[in-house]
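Beneath this line is the structure, given in structure tokens, with notes to follow.
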Amino acid sequence: MKTLNRRDIPGAQYPERIIQFGEGNFLRAFVDWQIDLLNEHTDLNSGVVVVRPIETSFPPSLSTQDGLYTTIIRGLNEKA
């Protein structure tokens with residue numbers, strides 16, 4: 001699998017204004033997704049800084065991927 005990095009994946013970079021304690025699945029898949037939606041639909045214009053609350057070797061640090069990660073969302077599709 002190819003490692004993610006900002007050079008290969010273009011996207012908006014926002015000023016770091018939100019401190020998030022923890023990098024768990026729920027925070028990344030739900031809370032950060034909500035912040036992404038707010039950035040798209042409002043003038044929030046804020047990035048997230050992740051702080052690990054405990055020192056551990058698992059999961060691997062997001063810094064090896066420039067802080068990028070992939071989230072797969074499955075669920076009901078909205079119909080107009």
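The sequence shown begins at 1 in the UniProt record's numbering and counts up by one. Don't be surprised by glycine CBs; every beta carbon is placed ideally from N, CA and C. Everything numeric in this text was worked out from a predicted model, so none of it was measured.
Would you give the residue range spanned by the alpha helix (DSSP H) that residue i belongs to?
i, result
"Ile35", "32 to 41"
Quick check on the burial criterion: 16 or more other C-beta atoms within 10 angstroms. Buried or exposed for residue i?
i, result
"Val49", "exposed"
Pick out whichever of the options has its Cα sitting closest to the Cα of residue i.
i, options, result
"Gln20", "Asp66, Gly75, Arg52", "Arg52"
"Ile72", "Leu37, Asp43, Asn25, Met1", "Asn25"
"Gly22", "Gly75, Tyr14, Thr56, Thr70", "Thr56"
Straight-line CA distance for residue i to residue j?
i, j, result
"Glu16", "Asn39", "12 angstroms"
"Ile18", "Val31", "11 angstroms"
"Arg7", "Gln65", "10 angstroms"
Just reading off the beta strand (DSSP E) that residue i is part of, what are its end residues?
i, result
"Gly47", "47 to 51"
"Ile18", "16 to 21"
Sorry if obvious, but does the Cβ on residue i come closer than 7 angstroms to a heavy atom of the ligand ADP?
i, result
"Leu44", "Absent from the structure shown: the ligand ADP. Ligands present: none."
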